[in-house]
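Comments concern the structure below.
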Amino acid sequence: MIKEPEFREYNPGKLEEKIEAFWKENDTYEKVKASRANGPKYYFLDGPPYVSGAIHLGTAWNKIIKDMIIRFRTMQGYNVRRQPGFDMHGLPIEVKVEQALGLKTKKDIETEIGVDNFIKKCKEFALNNLKVMTEQFKMLGIWMDWDNPYMTIKNEYIESGWFTLKRAWEKGLLEKDKRVLHWCPRCETALAEHEVRGEYKVRKDPSIYVKFPVEGRENEYLLIWTTTPWTLPANLAVTVHPEYDYAKVKVETENGEEYWIIAKALVERVLNEVGVKGEVVEEFKGKKLEGLRYVHVLMDEYPRQREFREKYEWAHRVILGEHVTLEDGTGLVHTAPGHGEEDFEVGQKYGLPVYSPVDDQGRYTEGRWKGVYVKDADPEIIEHLKEKGYLVKAGTIEHKYPHCWRCKTPLIFRATDQWFLKVSKVKDKIIKENDEKVTWYPEWVKVRYDNGVMNSGDWVISRQRYWGIPLPIWQTENGEIYVVGSFKELVELAVAIEVDGERVELPEDYNEKLRVIEEKLGPEDLHRPYVDAFIIKVNGKEMRRVKDVVDVWFDSGIASWASLDYPRNKELFEKLWPADFIVEGEDQVTKWFYSQQAASVIAFNTVPYRAVAMHGYVLDEKGDKMSKSLGNIIRPEEVVQKEGRDPFRFYMLWATNPWENLRFSWKGLAQVKRMLNILWNVYVLSATYMSLDNFDPTKLKPEELPFREEDRWILSRVNGLIKDVEEGIETFRLTKATRAIYNFVVEDLSRWYIRLIRKRMWVEGDDPDKLAAYYTVWKVFDVLLRLMAPFTPYIAEEIYQNMLRPFLGVESVHMLDWPKPDEETIDEELEREMEYVRRIVEAGSSARQRAKIKLRYPVRRIIVETEDETVKKAVERLNRILRDQLNAKEVVVEKVERELVIKPNFAKVGPEFKGDAKLVIAWINEHGRELYEAGEMDVKLEGKTFHLTREHLTIEEKLPDFFVAEDFEGGRVFVDKTLTRELLAEGLAREFVRRIQEMRKRLDLDVNDRIVVTIETTDENRELLSENLDYIKKETRATEIIFGEAKGFVVEWPEVQAKIGIEKVE
RNA sequence: GGGCCCGUGGCUCAGCCUGGUCAGAGCGCCCGCCUGAUAAGCGGGAGGUCCGGGGUUCGAAGCCCCGCGGGCCCA
3 MIKEPEFREY NPGKLEEKIE AFWKENDTYE KVKASRANGP KYYFLDGPPY VSGAIHLGTA
63 WNKIIKDMII RFRTMQGYNV RRQPGFDMHG LPIEVKVEQA LGLKTKKDIE TEIGVDNFIK
123 KCKEFALNNL KVMTEQFKML GIWMDWDNPY MTIKNEYIES GWFTLKRAWE KGLLEKDKRV
183 LHWCPRCETA LAEHEVRGEY KVRKDPSIYV KFPVEGRENE YLLIWTTTPW TLPANLAVTV
243 HPEYDYAKVK VETENGEEYW IIAKALVERV LNEVGVKGEV VEEFKGKKLE GLRYVHVLMD
303 EYPRQREFRE KYEWAHRVIL GEHVTLEDGT GLVHTAPGHG EEDFEVGQKY GLPVYSPVDD
363 QGRYTEGRWK GVYVKDADPE IIEHLKEKGY LVKAGTIEHK YPHCWRCKTP LIFRATDQWF
423 LKVSKVKDKI IKENDEKVTW YPEWVKVRYD NGVMNSGDWV ISRQRYWGIP LPIWQTENGE
483 IYVVGSFKEL VELAVAIEVD GERVELPEDY NEKLRVIEEK LGPEDLHRPY VDAFIIKVNG
543 KEMRRVKDVV DVWFDSGIAS WASLDYPRNK ELFEKLWPAD FIVEGEDQVT KWFYSQQAAS
603 VIAFNTVPYR AVAMHGYVLD EKGDKMSKSL GNIIRPEEVV QKEGRDPFRF YMLWATNPWE
663 NLRFSWKGLA QVKRMLNILW NVYVLSATYM SLDNFDPTKL KPEELPFREE DRWILSRVNG
723 LIKDVEEGIE TFRLTKATRA IYNFVVEDLS RWYIRLIRKR MWVEGDDPDK LAAYYTVWKV
783 FDVLLRLMAP FTPYIAEEIY QNMLRPFLGV ESVHMLDWPK PDEETIDEEL EREMEYVRRI
843 VEAGSSARQR AKIKLRYPVR RIIVETEDET VKKAVERLNR ILRDQLNAKE VVVEKVEREL
903 VIKPNFAKVG PEFKGDAKLV IAWINEHGRE LYEAGEMDVK LEGKTFHLTR EHLTIEEKLP
963 DFFVAEDFEG GRVFVDKTLT RELLAEGLAR EFVRRIQEMR KRLDLDVNDR IVVTIETTDE
1023 NRELLSENLD YIKKETRATE IIFGEAKGFV VEWPEVQAKI GIEKVE
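In structure tokens:
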């Protein structure tokens, strides 16, 4: 049986705590999962958040979307895989641990605490953050397998990475290469393209013009521009564009006349900037300059340059490159193949050496500035060039410069040996597979994605660090390599291990070997330094591990199979892979969405997910990013604590379309909460009466219930709602779903349906009319709660438990099936008619308001004037509702006779007839109606003819005085203002009823308590009231109404000139 | 320089996919109503060149093209 609601008011905090406890006590989550164990598979793959410490609103939004989808699919009957994941390796954690331990460099890690301890700390840190974040997700009501998350640091996961890399190697997609890459001198590691994306920050750097003397020509120079003076020691060439025009410019300097070579288009700008006057004396194409030799300006300081000059044909010469632009600089590009990506490429073409006299920490390894950090050397180099007379101009520039994404150190370009996944070779395959197999939400993201893939290069996966998947590459002293695909394989191939610098030979037998390994190294742990100890033998040659670890983006890239422990466990993979759905923020389009496809095409020749959705960022109310420095961060805990989980969740899916940025607004959240509050009030109202009446829908035969039009209407509406919500979720247009629910609850259910049936609920006894209303409300909840359960799981559960569970028997709302629309009950004609009724009521109320007739006073008649057949039918069929809501004795469709008042249109007549206007006006005043009826006519006045039309008239309708009118879409409503004595008496009775009711409430009387009413008032009121005494008695549960001295609880009501007293009858 | 998204009353946003219901909601402002959902609820009013300009169409906030402004991604 339905009980009196436990909370009279909607208090999300209390309610949600109660439901949390309920779920926990009943193990509801596991039961929900178990109930769908035999359903079709649905592999939802959680994009693993990085274990940075605490979740923010963006992470919360992400998981809220995921949870809603998971709950929805579960209700649809799918057996949903819902394992959460965590990204736990990588530089960010290393940096945090270094900070915590006060370590400054990589050397500190190796010598001060040792790699094994460092790894242990990283692991602790990661696991600890995982715990914290798990609690935060749980707090949001996210139903995932929190006891069994996938963790990128588990042996099975790492092994999955090894398997993938081995596949790549077997296919020839894993290669070592010398490349110029971003390098972080603090972290002492290379960084990949995608790690630098978005890490460009404005920074001040030197901006210098330097002249390189042309060999063998007096006073002739190549003018170059650079913002990295520190790369000049590694300069090996000057690049010009073959097709551009270049100019020899005669300039006047302090040293006298000189000739500078500059791109023609830039001559003016450059001369201006360096403050020198000059004139062009010769012009030629860039390719003419090819081979021109110059004197390296730091040859004495860097003796190695002298060797290059002797050994390499193209060293210190002008070379050609298409990458040269005329956007800035001089059109002649200082080229250092060891320190620039394009420099490197063009250098390869001309056979130049890759010279990079800089160590891992960014210090020169030789020459004049040996041991100096390169950025510190900038001013010294500038000063030195000045002394030597090569500096033309030194200034500063503010430009965007890449920084390390974790430690914010400015990066340098540096050539190093790195390991690559040759994604460029499978790019076409990725795009093809993606086109054929993946559905994108919204669709246009795919275009963005394809562009991203098209533009991406090979993937540098090696990092010179510790906390990551160890690169499973072993190599001989002369560089032959072997990639190990599993721990088992590693043990099989191992011949020795190195323990504390000592070599320990291993026995032949596998199990024996394992025993020795465990004894010396401890239990299996595929991290460094454990795996570094292994010495393997392949084809008779001993090999040792390459010390690098793998880029952390590779970790998450393999999640779709690594989280299934593939290949150690093949069963899950075969059952589930590929993933059915993933959803992440827009930053992941070129990151996780891509890294997954790249890794998967390499490993399995196909893409690892079938549907992918993208959401935006969470911004603050003004549209700014939330950041510590702006102090505008809002924590999810704060939101939950202040407003509750359900409002938060619904709000995040309601505020804006998911793919756009969400401006978080407390006001918006309050609006959603208000909607839930309205829902709650509807529930409290219904449940209260139902419980009083011991309502039991299972004992009723719906086919025998006398349903009214409004009942059929709301059932039709709620069935339509199913379609809207479902379509909204399926197409990822989530606002379509949430706004449909919002609108239904507020407009259809609360503002209209409940308003219409309230009186039916007050009837006592087993009134069939009341039962029909109860039954309808109950049916509406049966559908609505299912639709809302994925969005607001707590309130849906609470209401379900009381209203539905006693009759449906199912333990939780989350175990119910997603509803199917019942086409039979959808009646579009009725919905249209009801829509008109609502409009007529609105228009009528508006008219009343203008006439200042309170709703409490009945009106004699309301006339609806319309040509629309649907409106006519509506007024006929739904007449009772109209009378009731408009408090009218009669509502009819009729044509209202009205008088037309025809006057001259002065604005038209005046300008047109000027001096004759008065004449025309006089005529119209008299004969306007003739003109109106004729439409147009020629009128002869005082010998002149005037052509007049209706345009010369203003036509006003004059209603009989007792009407007030208001338009609505579809017609016009007329309210008859005539107030008869009877109507007045009825209105006054209502006035008194309302006041007596309020007094009852002030006394906190029970609905069933009886009272005696005493009224002191004017004779006129007394007379009017006497006509409706029975009505007043009935409404106020009064046994008696006495005119005379007010007694008991007395209140004076000046608005009705009365004193009323009430006394409870014991 | 290229790609994608967004641009609707003072503010935050729906509607656009699938062209036709005075262009909607909430907040804020003003004025009321209702009261057995009650420290809630409801109505009305003021307020809009639907970024601008072309085009398609009987009809465009919506579709197409150009431009302007903002955001993101890439170079």
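In this note's numbering, the protein residues as written are 3 to 1068. The beta carbon of each residue, even a glycine, is placed where N, CA and C say it ideally should be. If you're wondering where the values come from, they're calculated on a predicted model, not measured in any experiment.
Please state whether DSSP places S814 in a helix, a strand or coil. In this structure, S814 counts as coil in the three-state DSSP scheme.
At what residues does the beta strand (DSSP E) containing L47 begin and finish? From DSSP, L47 is part of no beta strand (DSSP E); its letter is neither H nor E.
Please specify which runs of the alpha helix (DSSP H), each continuous and at least 4 residues long, are wholly inside the stretch 82-137, giving them in chain order. Runs of the alpha helix (DSSP H) inside the stretch 82-137: 93-103.
Strand pairing of L423, partner residues [DSSP]: Beta-bridge pairing links L423 to L176 and W461.
Minimum C-alpha distance to W407 - residue among D1006, I95, R83 and E932: Considering only D1006, I95, R83 and E932, the residue with the shortest C-alpha distance to W407 is I95.
Pull the bridge partners of A581 from the DSSP assignment, please. As a beta-bridge residue in DSSP terms, A581 pairs with Y611.
Can we say the stretch 544-558 touches the stretch 67-79, given the rule of at least three CB pairs closer than 8 Å? Judged by Cβ distances under 8 Å, the stretch 544-558 makes no contact with the stretch 67-79, as fewer than three pairs qualify.
Own chain, CB closer than 7 Å to K289, minus 5 neighbours either side, in chain order: Within the same chain, Cβ atoms closer than 7 Å to the Cβ of K289 are found at P244 and L322, the five residues on either side in sequence being excluded.
Within the continuous alpha helix (DSSP H) that includes Y314, where are the two ends? Annotation: Y314 is outside any alpha helix (DSSP H) and is labelled neither H nor E by DSSP.
Identify which residue in K875, V861 and A236 has its Cα closest to the Cα of Q887. Selected option, being the one with the closest Cα: V861.
Residue interval of the beta strand (DSSP E) (run including W262): From DSSP, the beta strand (DSSP E) with W262 extends over G258 to A265.
Less than 8 Å between C-beta atoms, sequence neighbours within five positions excluded: which residues of the same chain meet that for I155? Contacts found: M90, H91, K125, A128 and H529.
Specify the secondary structure class of M692 as computed by DSSP and reduced to three states. It is helical.
Considering only the alpha carbon of each residue, which of K108, G41, T1038 and G342 lies closest to T229? Nearest option by C-alpha distance: G342.
Is the stretch 963-971 touching the stretch 844-860 in the sense that three or more CB pairs, one from each, lie closer than 8 Å? Contact between the stretch 844-860 and the stretch 963-971 is present, because at least three Cβ pairs lie under 8 Å.
Less than 7 Å separating the beta-carbons of F46 and R84? Yes. Within cutoff.
For V269 and E385, the rounded distance between their alpha carbons: For E385 and V269, the distance between alpha carbons rounds to 25 Å.
Please give the ranges of any alpha helix (DSSP H) in the stretch 801-888, keeping only runs that are unbroken, at least 4 residues long and fully inside the region. As far as the stretch 801-888 is concerned, its whole alpha helix (DSSP H) runs of at least 4 residues are 807-810, 830-853, 871-879 and 881-888.
Please state the DSSP three-state secondary structure of P404. Strand.
I think A192 touches S464, with their Cβ atoms under 8 Å apart; what is that distance to the nearest whole Å? So it is a contact: roughly 7 Å between Cβ atoms.
Taking the beta strand (DSSP E) that M545 falls in, what are its first and last residues? Counting along the chain, the beta strand (DSSP E) containing M545 begins and ends at K543 to R547.
Note down, in chain order, each residue of its chain lying with its Cβ closer than 7 Å to the Cβ of V447, except the 5 sequence neighbours on either side. In its chain, beyond the 5 residues on either side, V591 and M616 have a beta carbon closer than 7 Å to the beta carbon of V447.
Excluding the 5 residues preceding and the 5 following S426 in the sequence, name in chain order all residues of the same chain whose CB lies nearer than 7 Å to its CB. For S426, where only same-chain residues beyond five positions count, the Cβ hits under 7 Å are G459 and D460.
Who are the near neighbours of Y352 in its chain, counting only those whose CB is closer than 6 Å to its CB and skipping five residues on each side? Excluding sequence neighbours, Y352 sits near W316 and I321.
Status (buried if at least 16 other CB within 10 Å, exposed otherwise) for G258: Exposure of G258 is indicated by the presence of fewer than 16 other C-beta atoms within 10 angstroms of its C-beta.
Rounded separation between I121 and I724 - CA only: Distance between I121 and I724, taken at the CA atoms: about 52 Å.
Along the chain, which unbroken stretches of the alpha helix (DSSP H) at least 4 residues long are found entirely within the stretch 650-724? Residue ranges of uninterrupted alpha helix (DSSP H) with 4 or more members, entirely inside the stretch 650-724 and ordered along the chain, are 668-694.
Indicate whether M146 and F88 have their beta-carbon atoms separated by less than 7 Å. No.
N- and C-terminal bounds of the beta strand (DSSP E) containing Q477: Its beta strand (DSSP E) spans residues I475 to Q477.
Cβ-Cβ distance between E18 and R651 below 7 Å: Taking C-beta atoms as the reference points, E18 and R651 fail to come closer than 7 Å.
C-beta contact flag for V485 and K168 at 7 Å: Between V485 and K168, the C-beta spacing is below 7 Å.
The alpha helix (DSSP H) enclosing T241, as first and last residue numbers: Bounds of any alpha helix (DSSP H) do not take in T241; it lies within the beta strand (DSSP E) bounded by A239 to V242.
Out of curiosity, what's the CA-to-CA distance linking Y12 and V609? Between the C-alpha atoms of Y12 and V609 there is a straight-line separation of about 47 Å.
Put K539 into one of helix, strand or coil per three-state DSSP. Three-state DSSP puts K539 in a strand.
Burial state of G973 (16 or more Cβ within 10 Å): It is buried - the Cβ of G973 has at least 16 other Cβ atoms within 10 Å.
Candidates D29, W563, D726 and L751: closest to A739 by CA position: Considering only D29, W563, D726 and L751, the residue with the shortest C-alpha distance to A739 is D726.
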